[in-house]
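Notes follow the structure.
In my numbering, the protein residues as written are 34 to 165.
Structure representation (structure tokens):
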């Protein structure tokens, strides 16, 4: 049986990646008559999909998607077309998904700004003690 394997890196984080995967599952159910089920995990989810002649899974992680599909004999002749369509759908969803904010970067910037302000305040404060 011909296989399709797709790996896509992203920086969405798991909550947003789950939304993208849900959209993808909705689209393949409507357009291709797939039956999709989601197995939720703590660090990743698995979307299992199936229909006559096709079965596979989409691993949804906070930093990547991995899709593996097996095509039956009849659909194997259309492997390149099917793979291209799956890639296009996933890439479109990734391109149109909101980019995550970087809370760690914002917190680091605030901490650096506070430290800089404290240093400036110390330098500007009059010093007590003897004069030289």
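Ideal placement from N, C-alpha and C gives every residue a C-beta, glycine not left out.
Between the beta-carbon of residue i and the beta-carbon of residue j, is there less than 8 Å?
i	j	result
residue 95	residue 47	yes
residue 212	residue 54	As displayed, the chain neither begins before 34 nor continues past 165, which places residue 212 out of reach and without an answer.
residue 84	residue 109	no
residue 90	residue 101	yes
Since residue i is in the beta strand (DSSP E), which residue starts that stretch and which ends it?
i	result
residue 98	97–104
residue 196	The first residue shown for the chain is 34 and the last is 165, placing residue 196 beyond what the model contains.
residue 70	68–72
residue 40	36–42
By DSSP, does residue i sit in helix, in strand, or in coil?
i	result
residue 94	strand
residue 89	strand
residue 132	coil
Rounded to whole angstroms, how far is the Cβ of residue i from the Cβ of residue j, which I believe are closer than 8 Å?
i	j	result
residue 118	residue 37	Not quite, the Cβ-Cβ distance comes to about 10 Å (not below 8 Å), so this is no contact.
If you follow the alpha helix (DSSP H) that residue i is in, where does it begin and where does it stop?
i	result
residue 47	47–65
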